[in-house]
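Down below is the structure, laid out as C-alpha cells.
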Amino acid sequence: MNRLRNFGEWCRTTWIWIKSWFIQYHKVTVSYNAIYGDADDQVFENVPKIITQKEKLLTFINEDGCKISFSGADGLNYKIEEMD
Numbered sequence: 008m009n010r011l012r013n014f015g016e017w018c019r020t021t022w023i024w025i026k027s028w029f030i031q032y033h034k035v036t037v038s039y040n041a042i043y044g045d046a047d048d049q050v051f052e053n054v055p056k057i058i059t060q061k062e063k064l065l066t067f068i069n070e071d072g073c074k075i076s077f078s079g080a081d082g083l084n085y086k087i088e089e090m091d
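Residues 8 to 91, numbered by our numbering, are exactly what the sequence shown covers, in order.
Below you can see the structure in the form of C-alpha cells.
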C-alpha cells in the first residue's frame, strides 16, 4: 500500500512539473490587514488561474483545482506574484 501511495505522489508531482512548461503559476498572498508578514496572512503557491481580481473580491483556482474566493466589505489587501 505504501508503494502505491508513493507512486501516486510521484505521478502527481511529475504531472505538475510537465504542466509547468505551459502554464504560468502565481503566488497569492492575502492579508486581512494592511501589514504583510504577520499571523493573519494566507499564502497560496502554484496558483494556475486567477478568475476575479477586484478591490473587494478575489477568486482563483488553486493547484488542486479547488475554487477559492476571498471577499471583504472594506476591501482586500492581496498581492499576486508570478513564479518562475
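Backbone N, C-alpha and C define an ideal beta-carbon position, used for all residues, glycine too.
Delimiting residues of the alpha helix (DSSP H) encompassing LEU11: 9-26
Neighbourhood of TYR85 by C-beta, 6 Å cutoff - its chain only, sequence neighbours within 5 removed: VAL37 and LEU65
Sub-7 Å separation of GLU52 and LYS74 beta-carbons: no
Coarse secondary structure for ASN53, derived from DSSP in three states: strand
C-alpha gap between ASP48 and THR21, whole angstroms: 29 Å
Burial state of PHE67 (16 or more Cβ within 10 Å): buried
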